[in-house]
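Chemist:
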Amino acid sequence: MTLAQEVNGYRFAGLKHRRPRPRHLEKAVEKVERAAEGLEVPNDLENFDYLVAFSELRSGQASRRQVKRLAAGGLSQIEEMKDGKAVLGSLLAAVDAFGRGLLKSLLIGYLMAQKPDSWALTQVRRFLLDRKAALPLIWRNRVTEYALLSSDVGLHCSQKILDAEAFDATLFASESGLKGVKGAGGVGYKVFQALSKSLSTKHDGNRLGRYLEFVTMDSNIRFRSHLGDYAAALLAPYLSTAPSDENRARIEDFLVNNFGDPRINPVAWRVVTAEYVDVLKRWLAKASLELLLNVVSASNDTKQWEQRFKFWGHYFDQGLITDAWVALGPAASIEADRLVRAGELSSAADFGLLFGDGVQPDHSVIMFRLGDFTITEWTHSGKVRIYDLRNEKTPRFYQRSYNTLAIRNDKTCDLALVHHLSWRERLSGYINFELGLSAPKGIKQVNQKRTCTRCRQNLHVQCFANEDANRCSRCGGGSSYG
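All residue numbers for the sequence shown refer to this note's numbering, where the first residue is 1028 and numbers rise by one.
Below, the structure written as structure tokens:
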């Protein structure tokens, strides 16, 4: 068969294909663009020679590659230049000259820059808005859907996150384009800041959960250096109200695990408003009391501690205690570690250890500040001891270890009370006399007063009840008359 015969006999109809519909083409383009997202940020930005590139830009000799890198990673540097306005003008002109292919790099550079409302980034934002139609389809849709080039992008995105029927942080990052380093720049921070501001008013519904999901990335969190924003978002709603136990535990764990315990690491928390820190410290104080309850309950030896827990819980529940710390005996500390591993105790739980003669393995002590008093209370046998603010022998909070003999020394405290008979009535009366605080419900406080013959102070009768009977605990001498 000749070539002509073969050609004449060929069925050219088999080569015909219908032209794809425009929407099908758009979907194919979107798919390719999403697959290429990992390549959107040039991987040599850190090692790129910006000085040479800016020099070439100023002389009008910058290559397309140099302009692309400057657009993606050089915007923040332009803000600091004396001739920054001229340099930015040259960069934008070069982006136009090299065509629409560099608009995406400029948009990514805008998202990654730290100050989206600076003079330079404001000009870049306007430039991109004027050329929005020339952006790749997927980025054009993102700019529209998520207001990426709006000065109100933070408010817009935070409302989408909080008001949507369902929220998935990974999906949000992917669909908005605020993923990886693109979500760690100034635009991403504006979203985080707006979310934090919104959360600082209330935590109803699923708002808290969505916030924590948004800020958590694998084993890290967004904008770790902005503890002030986190503190306002998570603690401000509880300045005058109490959270649910579930919310309190979630917030405690998040803040302590990511930023440290403010009682132990106060330096890290210096940037936070004091009233917010006090909220967290009150919660952690209550957590210390609950830690002790859980550990003692696990030992099935709770007769003495249950009564003491209920008595002191009255003051903890009113938010009157902002500092508290637990020191556990050897067996009790092992039990506490087991409870944390089992998930029965907050992972934020922390404590010190007891050592020295006279400590039973399962015995523990809690110390806490109530008004001008530091109080130590034992889980089992042992006195309650009170130290005045001016007492230089007061045990220090948040130590990793405590000598049992030192914190059981009656001669260093201002008041030592044995848990016999009417100890709650006498102790609540003393606290009421000294601090003006009411007694727990159902307890009739003893408010008898005596005057010291030496210092002439009118004191609660309990001030004369230490080991040296009828000796004033304030001046160390004298006696009382009623």
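Cβ atoms here follow ideal geometry from the backbone N, Cα and C, with glycine treated the same way.
Would you check if there are 3 or more beta carbon pairs closer than 8 Å linking the region 1110-1127 to the region 1171-1187?
Modeler: These segments do not touch.
Chemist: Which full runs of the alpha helix (DSSP H) of 4+ residues lie inside the region 1299-1364, going along the chain?
Modeler: Here the runs fully enclosed are 1301-1325 and 1330-1344.
Chemist: Buried or exposed for G969, please, with buried defined as at least 16 other CB atoms from any protein chain shown within 10 angstroms of its CB.
Modeler: Examination of residue 969 is not possible in this model, given that the chain is present from 1028 through 1509 alone.
Chemist: Are there 16 or more other CB atoms within 10 angstroms of the CB of Q1472, so buried, or fewer, so exposed?
Modeler: The residue in question, Q1472, is buried, as its Cβ has 16 or more Cβ neighbours within 10 Å.
Chemist: Give me the Cα-Cα distance between P1264 and D1195, rounded to the nearest whole angstrom.
Modeler: Answer to the nearest angstrom: the Cα atoms are 24 Å apart.
Chemist: Ordered along the chain, which non-local residues of its own chain (more than five positions away) have a Cβ less than 6 Å from that of R1510?
Modeler: Residue 1510 falls outside the range modelled here, since the chain spans only 1028 to 1509, and no answer is possible.
Chemist: Would you kindly work out how many angstroms separate the C-alpha atoms of L1118 and Q1220, rounded to a whole number?
Modeler: Computed Cα separation, rounded: 30 Å.
Chemist: Grouping DSSP H, G and I as helix and E and B as strand, with all else coil, what is V1392?
Modeler: Reduced to three states, the DSSP call for V1392 is strand.
Chemist: Is it true that the CB of T1431 sits closer than 8 Å to the CB of L1381?
Modeler: Contact: yes.
Chemist: Rounded to the nearest angstrom, what separates V1151 and K1109 at their Cα positions?
Modeler: Between V1151 and K1109, the C-alpha separation is close to 18 Å.
Chemist: Give the list of continuous beta strand (DSSP E) stretches no shorter than 3 residues that lie fully inside the region 1154-1235.
Modeler: DSSP runs (the beta strand (DSSP E)) wholly in the region 1154-1235: none.
Chemist: Could you tell me the distance, in whole angstroms, from the CA atom of E1060 to the CA atom of W1166?
Modeler: Residue confidence is low: E1060 scores 48 on pLDDT, short of 50, so the model does not pin down where it sits. No coordinate-derived value is stated.
Chemist: Less than 8 Å between the CB atoms is what I'm expecting for E982 and W1339, so what's the real figure, rounded?
Modeler: Past the boundaries of the shown model lies residue 982; the chain is included only from 1028 to 1509, so the question cannot be answered.
Chemist: Quick one: give me the first and last residue of the beta strand (DSSP E) that A1443 is part of.
Modeler: It spans L1442 to L1444 - the beta strand (DSSP E) in which A1443 sits, taken as one unbroken run.
Chemist: Using DSSP bridges, identify the partner residues of T1401.
Modeler: According to DSSP, T1401 bridges with R1396 and Y1414.
Chemist: Does the Cβ-Cβ distance between W1310 and E1273 come in under 8 Å?
Modeler: Taking 8 Å as the Cβ cut-off, W1310 and E1273 do not qualify as a contacting pair.
Chemist: Please work out which residues of its chain come closer than 6 Å, Cβ to Cβ, to R1127, disregarding the five sequence neighbours upstream and downstream, and give them in chain order.
Modeler: Result list for R1127: A1161, in chain order.
Chemist: Along the alpha helix (DSSP H) that carries Y1265, what are the first and last residues, could you check?
Modeler: It is not in any alpha helix (DSSP H) - Y1265 carries neither H nor E in the DSSP assignment.
Chemist: Do Y1238 and L1262 count as a contact pair if the criterion is CB distance below 8 Å?
Modeler: Going by C-beta atoms, L1262 is not nearer than 8 Å to Y1238.
Chemist: Expressed to the nearest angstrom, what Euclidean distance is found between the alpha-carbon atoms of V1056 and K1131?
Modeler: Interpretation of V1056 is limited by its pLDDT of 47, a score under 50 that renders its predicted location unreliable; no figure is taken from the coordinates.
Chemist: Consult DSSP for T1243 and reduce its assignment to one of helix, strand or coil.
Modeler: Three-state DSSP puts T1243 in a strand.
Chemist: Could you tell me which of W1450, Q1331 and D1344 sits nearest to S1391, measuring between CA atoms?
Modeler: When only C-alpha atoms are compared, the closest one is Q1331.
Chemist: Using 10 angstroms around the beta-carbon of Q1093, count the other beta-carbons present and answer buried if the total reaches 16, otherwise exposed.
Modeler: Looking at its Cβ environment, which holds 16 or more other Cβ atoms inside 10 Å, Q1093 is buried.
Chemist: If you reduce the DSSP assignment to three classes, tell me which class I1248 lands in.
Modeler: Here I1248 sits in strand by DSSP.
Chemist: Please determine, among R1234, F1281, L1266 and N1321, the residue with the shortest C-alpha to C-alpha distance to I1248.
Modeler: The candidate whose alpha carbon is nearest that of I1248 is F1281.
Chemist: On a Cα-Cα basis, can you pick out the residue from F1424, H1446 and K1229 that is closest to D1377?
Modeler: Per the Cα distances, F1424.
Chemist: For the alpha helix (DSSP H) holding Y1429, just list the boundary residues, first then last.
Modeler: Careful: Y1429 lies outside any alpha helix (DSSP H), inside the beta strand (DSSP E) at S1428 to N1430.
Chemist: Kindly indicate which residue of E1107, L1138, L1226 and S1227 has the alpha-carbon position closest to the one of Y1216.
Modeler: The candidate whose alpha carbon is nearest that of Y1216 is L1138.
Chemist: Following the continuous beta strand (DSSP E) through F1382, name the residue where it begins and the one where it ends.
Modeler: Residues G1379 to F1382.
Chemist: Around the Cβ of A1099, are there at least 16 other Cβ atoms within 10 angstroms (buried) or fewer (exposed)?
Modeler: A1099 is buried by the Cβ-count criterion.
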